[in-house]
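The sequence shown begins at 1 in our numbering and counts up by one. For glycine and all other residues, C-beta sits at the position ideal for the given N, C-alpha and C.
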Amino acid sequence: MDSYNEQIVQRALVQAQTEDPNRTSLTIAHRLSTIHSCDVIHVL
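Here you go:
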């Protein structure tokens, strides 16, 4: 995914989390910039 589309997806995820703070999201990423706002990070 290019940087522009990644920003669009990140904004949508932030908005979804804001609307429902009890929501759990699982993010799989190759770039650290994708997960910089995560509360918990697990590395495999």
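Just checking: is the beta-carbon of residue i within a distance shorter than 8 Å of some beta-carbon in chain D?
{"i": "Thr34", "result": "Considering every chain present, this structure includes no chain D. It has just one protein chain."}
Between residue i and residue j, what straight-line distance do the alpha-carbon atoms span, to the nearest angstrom?
{"i": "Asp2", "j": "Thr24", "result": "25 Å"}
{"i": "Asn5", "j": "Thr34", "result": "11 Å"}
{"i": "Gln10", "j": "Asn22", "result": "18 Å"}
{"i": "Leu44", "j": "Thr18", "result": "28 Å"}
In chain order, what residues of the same chain lie with their CB nearer than 8 Å to the CB of residue i, ignoring the 5 residues before and after it?
{"i": "Thr27", "result": "Leu13, Thr34, Ile35, Cys38"}
Note down, in chain order, each residue of its chain lying with its Cβ closer than 6 Å to the Cβ of residue i, except the 5 sequence neighbours on either side.
{"i": "Ala29", "result": "Ile35"}
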